[in-house]
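K.L.:
Numbering (the numbering used here), first residue to last: 86 to 293.
For glycine and all other residues, C-beta sits at the position ideal for the given N, C-alpha and C.
#1: Count the other CB atoms within 10 Å of the CB of residue 178; is the residue buried (16 or more) or exposed (fewer)?
#2: What does the Cβ neighbour count give for residue 273, buried or exposed, with the cut at 16 atoms within 10 Å?
#3: Note down the Cα distance separating residue 143 from residue 151, rounded to an integer number of angstroms.
#4: Determine the extent of the alpha helix (DSSP H) in which residue 197 is found, giving its start and end residues.
#5: Take residue 240 as the anchor and find which of 147, 120 and 259 has the nearest alpha-carbon.
#6: Rounded C-beta distance between residue 268 and residue 234? I'm assuming under 8 Å.
#7: Mark residue 101 as exposed unless 16 or more other C-beta atoms lie within 10 angstroms of its C-beta, in which case mark it buried.
#8: Three-state secondary structure (DSSP) at residue 205?
#9: Report yes if the CB atom of residue 128 is closer than 8 Å to the CB atom of residue 165, and no otherwise.
#10: Alpha carbon to alpha carbon, what distance is there between residue 261 and residue 134?
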């Protein structure tokens, strides 16, 4: 019984790993490497607190130097640009250009999204929860904090407000109000704690 469970666990891990390799996009797009695809996806999803080289390095589980090289190459290709942070003028944020948003339409990751969409809703929910548990376990094993979105974060506070939208949300970590279109953005300050919301689109989450 224990041996069978071990084999099942290994099969699950191998399937997840294989799906990741397929979605990485290696060899499927000219002049875009798997690391660059990962960066493009990240900055399409990241909220305004997390669009920095150091946040991407943490998310991608790589060194800041390696992350910096990936970012510089995307800037040189016209896919990323830098802008001053509205919250802290001393820091910069990385945002996708129109060219960067355009290339995401050819993202090989979308084949994986379509495969997930083909699953029944009930299966999607259970599958999401199972993968989140696996991700949390791997993060704990490696001493890393998991990334997530506002809607599944303990730091989400309903005491804030953005007057023009009349949305009562704020980040308990940064003490900043949150716009409705930021609630699905990936955040470096994420603290697990609330039921997750299943995301349906990669590129649509990024406020411009």
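P.N.:
Walking through what the data contain:
#1: buried
#2: buried
#3: 11 Å
#4: 194-202
#5: 259
#6: 7 Å
#7: exposed
#8: coil
#9: yes
#10: 10 Å
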